[in-house]
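One structure is given below, encoded as structure tokens.
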């Protein structure tokens, strides 16, 4: 991308409407809403990464855990949705990221939950949990209890060491 094109893109992104969130759970769900249904079962405050470019860009103002699905079965290619990449381009969203939870399909074999694994590696945070497709009631309980423990002061002190 030429410097002029990059400057134009950054200017356009700077002009787009923003939505600030202090939610401790941020997730992406496509129009199928499989991931949203899982998040709804957690019964906790959560913010959704916009699906459409016309929606305000979400910006995290506090530490959070990212919950995302893996897409595609093309040997891990295009497994991270462009909306998630756009969200993580904002520095505050990378700085506040504390961990990743992945939804995936075991039919992808070694690429199961690869999107969560790649983001965790790139952002130097842990993969906290993975679950198949829409998850089971046991997955919901494990994630809910795991997040409650993760956000306790004692757990936060261990993470900062």
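Numbering (our numbering), first residue to last: 7 to 167. We put the CB at the ideal spot given by N, CA and C, even for glycine. Every value quoted in this text rests on a predicted model; they were computed, and no experiment measured them.
Asked                                                                                                : Found
Length at least 4, wholly inside the stretch 108-137: the alpha helix (DSSP H) runs in chain order   : 120-129
Buried/exposed call for residue 21, threshold 16 Cβ in 10 Å                                          : exposed
Where the alpha helix (DSSP H) through residue 144 begins and ends                                   : 143-156
Length-filtered (3 minimum) beta strand (DSSP E) runs lying within the stretch 83-111                : 103-110
Cβ shell of residue 105 (< 8 angstroms), same chain only, five flanking positions each side left out : 71, 72, 126, 131, 132, 133, 134 and 156
CB of residue 140 within 8 angstroms of CB of residue 34, strictly                                   : no
contact_flag[the stretch 107-121, the stretch 56-68] where n(CB pairs < 8 angstroms) is 3 or more    : no
Residue 31 vs residue 150 beta-carbon contact at 8 angstroms                                         : no
Test: residue 122 CB closer than 8 angstroms to a CB of chain B                                      : Looking at the structure shown, chain B is missing, and only one protein chain is on hand.
Residue 71 (DSSP reduced to helix, strand or coil)                                                   : strand
Residues bridged to residue 66 (per DSSP)                                                            : 27
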